[in-house]
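S.K.:
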Amino acid sequence: MDPKSLLIRSSFAAAAITFAAPGWAGPVDLLEADTQAFVQDSGAMDVIYSLRYQDNEGRSAIKSIGQFYEPVAFTRGILHAGNNTIAVTMSPNGGGYYKASFDSAVPRGTYTLELHYRSDKRFAEPTVSNDGKNLLAVWFNPVRWTMPIEKSIVKLVLPLPLEGNLQRPEDITPAMVDGLGVITDDQNKRLQDHFAFVYSDYQDSRRLTVYTEKKSLPAQGVHMVRIYIPQSSMPNLSKTSNTRPDATIPAIPTDTGSPATSAPVTPRDVPISFGDYAARAIVLAILSFFLNPIALFAEFLVLGLPLWIIDKIAKTTLLRKIFLPANEFKFAHPTKGTILGWTAVLVPFRLTWAIIAGLGSGVVALLRLHPIIELYIKKKAPVYESPEITVSTFRKDGYVPTLAPEEAAVVMDRPIKAINLLVLNLQARGAIQVLSRNPLQVQVVDASRATTEPEKCFLKSLTGRGTLTQQGMLEVLKSLTASVQPKIWRADTAATVEAYRQRAQQRWDELRAAPPTSRPQFFNTWYADLYLQDTFFQDLGTTFGAIPTSVPADRPLTTLGAAREQSSLWGGVERVQDFAEGVADTIESGAKATIDRIENLFNFDGEAGARPGIQKGVAVAVGYDACHSACHSACHSACHSACHSACHSACHDACACHSACHSACVSSCAGSF
2 MDPKSLLIRS SFAAAAITFA APGWAGPVDL LEADTQAFVQ DSGAMDVIYS
52 LRYQDNEGRS AIKSIGQFYE PVAFTRGILH AGNNTIAVTM SPNGGGYYKA
102 SFDSAVPRGT YTLELHYRSD KRFAEPTVSN DGKNLLAVWF NPVRWTMPIE
152 KSIVKLVLPL PLEGNLQRPE DITPAMVDGL GVITDDQNKR LQDHFAFVYS
202 DYQDSRRLTV YTEKKSLPAQ GVHMVRIYIP QSSMPNLSKT SNTRPDATIP
252 AIPTDTGSPA TSAPVTPRDV PISFGDYAAR AIVLAILSFF LNPIALFAEF
302 LVLGLPLWII DKIAKTTLLR KIFLPANEFK FAHPTKGTIL GWTAVLVPFR
352 LTWAIIAGLG SGVVALLRLH PIIELYIKKK APVYESPEIT VSTFRKDGYV
402 PTLAPEEAAV VMDRPIKAIN LLVLNLQARG AIQVLSRNPL QVQVVDASRA
452 TTEPEKCFLK SLTGRGTLTQ QGMLEVLKSL TASVQPKIWR ADTAATVEAY
502 RQRAQQRWDE LRAAPPTSRP QFFNTWYADL YLQDTFFQDL GTTFGAIPTS
552 VPADRPLTTL GAAREQSSLW GGVERVQDFA EGVADTIESG AKATIDRIEN
602 LFNFDGEAGA RPGIQKGVAV AVGYDACHSA CHSACHSACH SACHSACHSA
652 CHDACACHSA CHSACVSSCA GSF
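Take any residue in the sequence shown, count from 1 to its spot, add 1: that is its number in the numbering used here.
#1: Quick one: residues in its chain with C-beta nearer than 6 Å to the C-beta of P72, no 5 flanking neighbours on either side, listed in chain order?
#2: Give every residue of the same chain whose Cβ lies closer than 8 Å to the Cβ of K379, excluding the five residues on either side of it in the sequence, and list them in chain order.
#3: Fully enclosed by the stretch 364 to 438, which beta strand (DSSP E) runs are 3 residues long or longer?
#4: How is W527 classed by DSSP in three states: helix, strand or coil?
#5: Just confirm the distance between the C-beta atoms of T468 and V411, as a whole number of angstroms; I'd bet it's less than 8 Å.
#6: Could you work out which residue in N166, D104, L422 and K488 is closest to R60 when comparing CA atoms only?
#7: Given this structure, state the Cα-to-Cα distance separating L347 from A220, to the nearest angstrom.
#8: In the DSSP assignment, find the unbroken alpha helix (DSSP H) run with R191 in it and report its ends.
#9: D510 by DSSP, collapsed to three states: which one?
#10: Skipping 5 residues on each side, what residues in its chain have a beta carbon closer than 8 Å to that of L463?
#11: Where does P231 sit, in a helix, a strand or coil, going by DSSP?
#12: Give me the DSSP bridge partner(s) of L478.
#13: CA-CA distance, F291 and A333?
#14: Quick one: give me the first and last residue of the beta strand (DSSP E) that N135 is part of.
#15: In whole angstroms, what separates the C-alpha of Y229 from that of F324?
#16: From T90, I433, V107 and D56, pick the residue whose C-alpha is nearest to that of E677; which is it?
#17: What residue range is occupied by the uninterrupted alpha helix (DSSP H) comprising S462?
#18: Would you mind working out which of L136, I420, T86 and Q37 sits nearest E679, comparing C-alpha positions?
#19: Which residues does DSSP pair with D202 in a beta bridge?
#20: Taking three-plus beta-carbon pairs below 8 Å as touching, is the stretch 48 to 58 in contact with the stretch 91 to 100?
#21: Flag this pair as touching only if the stretch 162 to 180 and the stretch 128 to 142 have three or more C-beta atom pairs under 8 Å; answer yes or no.
#22: Taking Cβ positions, are L163 and Y200 nearer each other than 8 Å?
#23: Say whether the stretch 77 to 86 touches the stretch 142 to 160, bearing in mind that this needs 3 or more beta-carbon pairs closer than 8 Å, one atom from each stretch.
#24: Any contact of the stretch 431 to 441 with the stretch 505 to 517, i.e. 3+ C-beta pairs under 8 Å?
#25: Is L31 helix, strand or coil by DSSP?
#26: Would you tell me roughly how many angstroms separate the C-alpha atoms of K216 and V40, rounded to the nearest one?
#27: With 16 as the cutoff for other CB atoms within 10 Å, does A529 come out buried or exposed?
#28: Between V139, W509 and A554, which has its C-alpha nearest T543's C-alpha?
#29: For L218, does the count of other Cβ atoms within 10 angstroms reach 16, so buried, or fall short, so exposed?
#30: Can you tell me whether DSSP reads G562 as helix, strand or coil?
#31: Select from F330, V424, L304 and A492 the residue whose C-alpha is nearest the C-alpha of K397.
#32: What's the gap between the Cα of P113 and the Cα of P487?
#33: Just curious, the alpha helix (DSSP H) that T544 is in, first and last residue?
#34: Mapping DSSP to helix, strand and coil, what is Q471?
#35: Check for me: the alpha helix (DSSP H) holding V178 runs from which residue to which?
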């Protein structure tokens with residue numbers, strides 16, 4: 002078998018990964034796959050496979066990994082989470098795919114999955130060079146993924162001990178490799194971004210190892226490594242192949258790439274590859290194009306006279322249609338050329354079709370001799386149908402798209418919550434750090450961790466002090482709207498909003514049912530779902546105790562829940578959400594202009610949608626959100642105080658109806674973060 006065929010056969014080890022976790026299905030970035038494959042004397046392979054990935058969501062299992070070469074036996078599974086390790090259990094899904102279940106669920110973060118297993122499939126096949134040397138084609142390729150990998154490393158540890166006191170990989174010389182009888186596969190080597198001979202310590206010996214590296218491996222990408230070694234290096238290898246008895250063996254490359262074995266090596270009995278067939282087909286196509294007149298004249302001598310006789314008797318034009326389909330002489334044309342073209346190639350096909358059509362017509366003519374069949378075949382006048390007007394839409398009833406938390410907030414008419422979710426998400430991924438709750442101020446830690454366009458827009462809109470201006474907030478909302486529109490063009494809006502409301506309610510029910518000691522961890526994991534609840538701050542106050550503002554804002558719970566005491570307008574002391582007031586401070590007196598412009602962002606059908614008695618901008622962009630939320634928390638003193646201190650005068654100027662403005666401010670400013 003030549004290297005191309007071997008690569009095609011070995012690519013059956015494809016893998017698909019689906020991360021199984023309840024709730025949001027966030028993005029997962031595969032950073033690096035590292036494979037150490039140790040060739041055994043039997044031809045089997047002991048493998049240590051490590052996958053480092055960035056989980057932006059949190060989960061309890063990897064639903065499907067594969068396809069592994071079977072039979073396979075897993076000896077160890079570990080998930081490295083910082084300085085901690087979590088046991089991993091592998092269970093078969095069938096067809097060579099396995100599920101990796103974690104002993105405990107993990108939140109967002111960077112993890113390394115480590116699997117130890119043995120595959121008893123034979124990865125060493127015998128072959129013979131042109132000079133009679135008995136060799137083994139040793140190969141391996143790890144599992145494939147449906148997502149791209151930034152870097153893939155494969156280290157193939159060969160059963161070839163190295164002599165001498167080697168201290169560095171650079172001490173391995175070409176002469177040393179040639180002395181071991183190793184022949185590189187130049188075709189496979191060219192596919193690697195980096196190729197080198199190194200060493201690995203295995204079973205009390207220092208063994209020659211092939212190190213390969215590929216960067217930016219695409220989805221379903223194959224990272225195959227192949228090398229040729231002497232058969233004498235594996236004396237215990239069975240001489241019976243684990244492929245078909247009539248299967249051919251891998252071909253030997255024609256150039257080893259090293260001076261000691263630079264003589265050409267020719268494979269024996271190598272089958273013709275697909276590329277060879279394609280090259281021959283191209284050559285034949287070119288020849289037939291230029292030899293068209295000779296072939297067409299020969300066909301005319303053989304077929305032209307019979308067709309001319311049939312045309313005279315049956316009064317047809319078969320000769321002209323088959324040999325001159327354009328009804329005229331054409332010097333050059335792909336399908337109608339008389340001199341240059343492929344007309345001669347098409348003549349047999351046209352003649353075959355004419356014969357089939359003639360036979361079909363004869364059969365129909367015979368069937369029509371029967372009166373009942375004649376009546377059925379006879380052409381009938383079309384039945385009149387009254388015209389009707391059909392109005393169609395791309396909307397699919399009940400269809401709920403998968404949205405990111407901030408995108409769901411946009412669809413639910415919660416623009417302020419959408420921005421706040423961006424802040425929490427960026428802090429959870431380590432892109433920013435919240436420095437101050439009131440006023441809201443952040444510090445950019447690693448801008449490269451912002452992956453979506455709205456996240457990047459948020460970072461670009463920050464001032465030098467790390468604050469978000471009114472114009473910056475507007476630009477972020479525009480970017481959020483642009484990211485949502487391609488996902489909801491077929492969505493059932495009402496069903497989508499209801500689905501995410503039910504999801505938020507379900508999370509709150511699960512939080513209340515959890516033991517008090519585990520509630521903070523649960524909140525920090527599922528805050529995105531919890532935050533979409535209309536009565537979020539009310540539920541937060543009844544579920545958790547008071548959180549002082551002195552607590553660092555390094556977790557969603559401490560960021561959202563921190564509150565301070567202050568005197569209310571009616572006397573007494575009330576709890577004020579400090580972070581909510583900080584966001585209200587950011588908006589300040591520009592509420593009117595911002596609200597008027599936000600209307601255009603969230604009005605997808607292009608209609609104003611204003612409600613009687615409420616100013617147009619407030620009704621569409623914030624009013625509906627605000628009034629809905631205000632029904633649940635209008636009497637909440639903390640929200641009232643936060644709103645009153647920062648937004649009261651601005652919103653009073655922006656709205657004609659004071660009561661509608663008051664409800665809007667309570668919900669959108671204080672109640673949104």
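C-beta: ideal position from N, C-alpha, C; glycine also.
Quantities reported herein were computed from a predicted structural model and do not represent experimental measurements.
M.R.: Quick answer:
#1: Closer than 6 Å at Cβ, skipping near neighbours: D121.
#2: none
#3: 433 to 437
#4: Helix.
#5: Not quite, the Cβ-Cβ distance comes to about 22 Å (not below 8 Å), so this is no contact.
#6: D104
#7: 41 Å
#8: D187 to R191
#9: Of the three classes helix, strand and coil, the one that applies to D510 here is helix, per DSSP.
#10: V443, V445, L469 and G473
#11: P231 falls in the strand class under three-state DSSP.
#12: In the DSSP output, where bridge partners are listed per residue, L478 has none listed.
#13: 10 Å
#14: N135 to F141
#15: 56 Å
#16: In the structure as shown, the chain begins at 2 and stops at 674. Residue 677 is therefore absent and cannot be evaluated.
#17: Start and end: E454 to S462.
#18: What is shown of the chain runs 2 to 674, which leaves residue 679 out entirely.
#19: BP columns for D202 point to R207.
#20: no
#21: no
#22: yes
#23: no
#24: no
#25: strand
#26: 25 Å
#27: buried
#28: For T543, the closest alpha carbon among the candidates V139, W509 and A554 is that of W509.
#29: buried
#30: helix
#31: A492
#32: Per the sequence presented here, residue 113 reads as Thr, with Pro not at that position. Straight-line Cα distance between these residues: approximately 33 Å.
#33: F537 to T544
#34: For Q471, the secondary structure class from DSSP, reduced to helix, strand or coil, is helix.
#35: P175 to G180
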